[in-house]
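Asks: When we follow this note's numbering, the leftmost residue of the sequence shown carries the number -13, and every step to the right adds one.
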Amino acid sequence: MTSPAVPPAAHPERRAASGQEPAGPRHVGIIMDGNGRWAKARRLPRIAGHKSGVESVRKVVEAAPDLGIEVLTLYAFSSENWKRPEDEVGYLMGLLKQYLLSEIAELDRNGVRLSFIGDYSRLSPDILALLEGAKKRTAGNERLRLVIALNYGSQDEITRAVRGIARDVAAGRMAPDAVTSADITARLDTAELPQLDLVIRTSGEQRLSNFLMWQAAYAELVFTEQYWPDFDGESLRRAVEAFGVRERRYGGL
Ligand code: IPE
Ligand code: IPE
Ligand code: MG
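And the structure:
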């Protein structure tokens, strides 16, 4: 099913040239890290950190529109997070279900449109049904687009895109030398989203951990020492402020 897209991002340089460059980032991605360490520092089980992290999700979703953010992509579960103990994986999936069930009405009321990126094939049927329901219910909302990355990994996403291209080439629909980076971009899970402007990672780690690697080619990166459960609207405002003083060059001068 194709759904109406957020208007495609004008290239930022063109937006600047037309004098319409907004001060802030349109599309922000967050690597929500440090739940376990937050809990450990309080002598709590790791899952207490995940539970508390849901509050931070609420706070950033509430704060984002007023900061001019149009799309917020949250890294909730990576394609590598299956390596964690089964009970932690189960708890995270349960939290996701609970979040969707308990928040959907409020999100809908607040004009939030939900979508999901990642490989759904490993998610359970009950979660898949919730994702589909959430997407449908909020499809007409325009205040904020909330994208949840679930069983998401950039390498997996790019691999899936390349397989699609390989199929087209094998079937004679496309010449090998005609493949461009735009063909890959168009086959990513994020194809209908505007360009990624800013990636925030909490908890002091300074790596992408397989999050939006292709899309982050020219994104600004902001790292904060705060653990995810300590992150809030004010933290998001500070990250947006840090973005505002960066000079983006896209390889030019
Ligand atoms: C982020 O917190 C949540 C997920 C990866 C699902 P972590 O669980 O990675 O917390 P730390 O990094 O162990 O502190
Ligand atoms: C990245 O955090 C994944 C999510 C936030 C969902 P991880 O905690 O899994 O990343 P690493 O293992 O520190 O790289
Ligand atoms: Mg971590």
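Where is the CB? At the ideal position from N, CA and C, for every residue including glycine. Just so it is clear, the structure is predicted and the values come from calculations on it, not from any experiment.
Can you check DSSP and say which residues form a bridge with Arg44?
Replies: Paired residues: none, contrary to the question.
Asks: Classify Tyr204 as helix, strand or coil using the three-state DSSP reduction.
Replies: helix
Asks: Could you check if Gly139 belongs to the surroundings of ligand 3, using beta carbon to heavy atom distance under 7 Å?
Replies: no
Asks: In the DSSP assignment, what are the bridge partners of His13?
Replies: Val57
Asks: Find out if the Cβ-Cβ distance for the pair Ser140, Asn67 is shorter than 8 Å.
Replies: no
Asks: CB Gly39 to CB Ser189, shorter than 8 Å?
Replies: no
Asks: Please list, in chain order, all residues of the same chain as Asp142 whose beta carbon is under 7 Å from its beta carbon, the five residues on each side excluded.
Replies: Ser65 and Asp105
Asks: Any idea what DSSP makes of Leu93, helix, strand or coil?
Replies: helix
Asks: Measure from the alpha carbon of Ile33 to the alpha carbon of each residue in Pro11, Gly80 and Thr59, then state which is nearest.
Replies: When each option's Cα is compared against that of Ile33, the closest is Gly80.
Asks: For Ile144 versus Trp214, is the C-beta spacing smaller than 8 Å?
Replies: no
Asks: Could you give the distance in angstroms between the alpha-carbon of Val57 and the alpha-carbon of Ile151?
Replies: 27 Å
Asks: Using only the heavy atoms of ligand 2, determine whether one of them is closer than 7 Å to the beta carbon of Arg193.
Replies: yes
Asks: Do Asp183 and Glu206 have their beta-carbon atoms positioned less than 8 Å apart in this structure?
Replies: yes
Asks: Would you check if there are 3 or more beta carbon pairs closer than 8 Å linking the stretch 126 to 134 to the stretch 41 to 59?
Replies: Three or more beta-carbon pairs drawn from the stretch 126 to 134 and the stretch 41 to 59 are found closer than 8 Å, and the two stretches are therefore classed as touching.
Asks: Would you say Ala225 touches ligand 2, meaning its beta carbon is less than 7 Å from a heavy atom?
Replies: no
Asks: What does DSSP give as the partner residue(s) for Arg224 in the beta ladder?
Replies: DSSP, once it has assigned bridges, lists no residue as partnering Arg224.
Asks: Under the criterion of a Cβ to heavy atom distance below 7 Å, does Gly80 qualify as lining ligand 1?
Replies: no
Asks: Buried or exposed for Tyr138, please, with buried defined as at least 16 other CB atoms from any protein chain shown within 10 angstroms of its CB.
Replies: buried
Asks: Which two residues bound the contiguous alpha helix (DSSP H) that contains Arg149?
Replies: Ser140 to Ala156
Asks: First and last residue of the alpha helix (DSSP H) that includes Ser110?
Replies: Unbroken run through Ser110: none, as it is neither H nor E.
Asks: Is DSSP giving Arg32 helix, strand or coil here?
Replies: helix
Asks: In whole angstroms, what is the alpha-carbon distance linking Glu41 and Ile186?
Replies: One alpha carbon belongs to Glu41, the other to Ile186, and they sit about 17 Å apart.
Asks: With C-beta atoms as the reference, is Leu114 less than 8 Å away from Phe63?
Replies: no
Asks: Compute the Euclidean distance between the alpha carbons of Val231 and Ala225, then round it to the nearest angstrom.
Replies: 10 Å
Asks: Is the Cβ-Cβ distance between Ala203 and Leu194 less than 8 Å?
Replies: no
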